[in-house]
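Student: Just so you know, we're using full-length UniProt numbering here: the sequence shown kicks off at 1 and counts up by one. Each residue gets a CB set at the ideal place from its N, CA and C atoms; glycine is no exception. Values in this document were obtained by computation on a predicted structure and should not be read as measured data.
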Amino acid sequence: MPTRPSPTLPLRRLRQRLAALHAADGRKAAEVASQLGWSASKLTRYLGGDMRKPQRSEIDRLLAVYGVSDAERERILDLTTHARVRRWWEEYSGALSGSYDTYVGMESEAAVASNYEPGAIPGLLQTADYARALMSARSPALPSRDLDDRVAVRIDRQARLVDRTSPIQLWAIIGEEVLHRVAGTQEIMRSQIEHLRTVADLPNVKVQILPMACGVAPAQGPFMILQFNEPTDPEVVYIETPGGDIWVEERAAVNRFIVDFERLVDVALSVEDSMIKLDDIG
Numbered sequence: 001m002p003t004r005p006s007p008t009l010p011l012r013r014l015r016q017r018l019a020a021l022h023a024a025d026g027r028k029a030a031e032v033a034s035q036l037g038w039s040a041s042k043l044t045r046y047l048g049g050d051m052r053k054p055q056r057s058e059i060d061r062l063l064a065v066y067g068v069s070d071a072e073r074e075r076i077l078d079l080t081t082h083a084r085v086r087r088w089w090e091e092y093s094g095a096l097s098g099s100y101d102t103y104v105g106m107e108s109e110a111a112v113a114s115n116y117e118p119g120a121i122p123g124l125l126q127t128a129d130y131a132r133a134l135m136s137a138r139s140p141a142l143p144s145r146d147l148d149d150r151v152a153v154r155i156d157r158q159a160r161l162v163d164r165t166s167p168i169q170l171w172a173i174i175g176e177e178v179l180h181r182v183a184g185t186q187e188i189m190r191s192q193i194e195h196l197r198t199v200a201d202l203p204n205v206k207v208q209i210l211p212m213a214c215g216v217a218p219a220q221g222p223f224m225i226l227q228f229n230e231p232t233d234p235e236v237v238y239i240e241t242p243g244g245d246i247w248v249e250e251r252a253a254v255n256r257f258i259v260d261f262e263r264l265v266d267v268a269l270s271v272e273d274s275m276i277k278l279d280d281i282g
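(1) Leaving aside the five residues before and after Gly-184 along the sequence, list all residues of the same chain whose C-beta is less than 6 Å from its C-beta, in chain order.
(2) Which residue from Ser-34, Pro-218 and Ala-29 puts its Cα closest to that of Ala-268?
(3) Since Tyr-66 is in the alpha helix (DSSP H), which residue starts that stretch and which ends it?
(4) Taking the beta strand (DSSP E) that Ser-114 belongs to, which residues open and close that run?
(5) Taking C-beta to C-beta, are Glu-235 and Val-216 nearer than 8 Å?
(6) Could you check where the alpha helix (DSSP H) with Tyr-130 kicks off and where it finishes?
(7) State the beta-bridge partners of Ala-172 as determined by DSSP.
(8) From Ala-111, Trp-89, Pro-122 and Glu-194, pick the residue whose C-alpha is nearest to that of Thr-102; which is it?
(9) List the whole-angstrom C-beta distance separating Lys-53 from Arg-27, where the pair is believed to meet the contact cut-off of C-beta under 8 Å.
(10) Taking a contact to mean a Cβ-Cβ separation below 8 Å, would you say Thr-44 touches Ala-20 in this structure?
(11) List the whole-angstrom C-beta distance separating Tyr-46 from Leu-18, where the pair is believed to meet the contact cut-off of C-beta under 8 Å.
(12) Quick one: what does DSSP say Val-237 is sitting in, helix, strand or coil?
(13) Under DSSP, the alpha helix (DSSP H) around Leu-43 begins and ends at which residues?
(14) Which word fits Pro-122, buried or exposed, when buried means at least 16 other C-beta atoms lie within 10 angstroms of its C-beta?
(15) Report yes if the CB atom of Asp-25 is closer than 8 Å to the CB atom of Tyr-92, and no otherwise.
(16) I need the DSSP call for Gln-220, collapsed to helix, strand or coil.
(17) Between the alpha carbons of Asp-280 and Asp-273, how many angstroms are there, rounded?
(18) Just mark Ile-276 as buried or exposed, buried being the case when its beta carbon has 16 or more other beta carbons within 10 Å.
(19) Assign Arg-190 to one of two classes, buried (16 or more other C-beta atoms within 10 Å of its C-beta) or exposed (fewer than that).
(20) Between which two residues does the alpha helix (DSSP H) carrying Ile-258 extend?
(21) Please report how far the alpha carbon of Ala-213 lies from the alpha carbon of Arg-256, in whole angstroms.
(22) What does DSSP give as the partner residues of Ile-225 in its beta bridges?
(23) Looking only at its own chain, which residues have a Cβ that is under 7 Å from the Cβ of residue 292, when we skip the five neighbours before and after it?
(24) If you follow the alpha helix (DSSP H) that Val-153 is part of, which residue opens it and which one closes it?
(25) Name the residue from Ala-137, Pro-118 and Arg-56 whose alpha carbon lies nearest to the alpha carbon of Gln-208.
Next comes the structure, spelled out in structure tokens:
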């Protein structure tokens with residue numbers, strides 16, 4: 001089963017650097033942990049990235065055991081400081097699953113998001129009313145406070161689309177049937193289609209409609225590919241499923257999703273024809 005990446009890029013980079021130092025050290029985790037007075041499981045959590053607020057003092061002790069240079073020590077401690085910064089979505093953490101919390105963190109720092117959604121309007125393109133109707137239908141027992149918080153997070157995520165300094169580049173492919181499936185009421189759907197058409201005009205947004213006439217889609221279900229600016233931060237794939245969310249980081253597997261997305265681009269309506277389709281529906 002693919003593991004969940006760290007919830008922010010600084011945490012992800014910290015995990016990768018510590019794992020590399022441990023591999024270069026050559027000793028078993030139990031031996032290093034014993035020298036620190038830690039349990040082996042505690043060290044494994046640090047090396048595996050299963051940490052939300054890493055302690056500078058503990059990281060510093062670990063670096064001393066690995067014998068890093070002063071310059072490397074400062075770089076890693078700086079990463080640790082950045083990894084401890086409180087993020088905006090943590091205000092709603094009680095209403096978010098761990099996997100979705102991780103997704104919001106990764107998306108907030110991504111440069112490009114390539115999203116295939118055959119069953120719903122993509123989250124970054126939803127109106128609040130559509131999001132509420134969708135969540136209510138899928139999780140009817142969800143407490144109203146949690147529902148409010150989840151809708152708020154979904155809408156706040158969309159600020160990246162209009163960020164003046166570093167807007168996310170979104171390429172969304174949406175199944176045509178989604179545009180005809182009513183979520184909530186007809187009025188909610190009309191407003192949603194109008195909103196989708198408006199946001200699709202942003203220079204950093206591409207929307208393509210996958211027509212029902214294309215037959216079986218060259219992908220099995222929804223997925224999101226997140227790409228980052230730094231070459232040391234490779235792409236990740238996020239897959240939301242009823243049985244639990246999945247993260248894919250293994251290079252060959254990620255490449256397969258990239259190929260699938262390219263195939264979807266080829267069979268979907270062009271961006272221009274997709275806009276005509278939205279105008280016709282609206």
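Tutor: Taking the coordinates as given:
(1) For Gly-184, where only same-chain residues beyond five positions count, the Cβ hits under 6 Å are Ala-133.
(2) The shortest C-alpha to C-alpha distance from Ala-268 to any of Ser-34, Pro-218 and Ala-29 is the one to Pro-218.
(3) Residues 56–66.
(4) Start and end: 112–117.
(5) For Glu-235 and Val-216, no; Cβs fall outside 8 Å.
(6) Bounds of the alpha helix (DSSP H) holding Tyr-130 are 128–138.
(7) DSSP lists Asn-115 and Val-207 as partners of Ala-172.
(8) For the residues Ala-111, Trp-89, Pro-122 and Glu-194, the minimum Cα distance to Thr-102 belongs to Trp-89.
(9) The Cβ separation is near 26 Å, so there is no contact.
(10) In this structure, Ala-20 does not lie closer than 8 Å to Thr-44 by Cβ.
(11) At roughly 6 Å, the Cβ-Cβ gap stays under 8 Å, so Tyr-46 and Leu-18 are in contact.
(12) Of the three classes helix, strand and coil, the one that applies to Val-237 here is strand, per DSSP.
(13) Leu-43 -> alpha helix (DSSP H) spans 40–48.
(14) Of the other Cβ atoms in all chains shown, 16 or more fall within 10 Å of the Cβ of Pro-122; this residue is therefore buried.
(15) Taking 8 Å as the Cβ cut-off, Asp-25 and Tyr-92 do not qualify as a contacting pair.
(16) In the displayed model, Gln-220 falls within coil according to three-state DSSP, outside both helix and strand.
(17) Spanning the alpha carbons of Asp-280 and Asp-273 requires a straight line of approximately 11 Å.
(18) Exposed: under 16 other Cβ atoms inside 10 Å.
(19) Burial call: exposed.
(20) Counting along the chain, the unbroken alpha helix (DSSP H) around Ile-258 starts and ends at 251–267.
(21) Taking the straight line from one Cα to the other gives about 24 Å.
(22) Note: Ile-225 is bridge-paired with Ser-114 and Val-237 in the DSSP secondary-structure output.
(23) No answer is possible for residue 292: the residues shown for the chain start at 1 and end at 282.
(24) Its alpha helix (DSSP H) spans residues 144–157.
(25) Considering only Ala-137, Pro-118 and Arg-56, the residue with the shortest C-alpha distance to Gln-208 is Pro-118.
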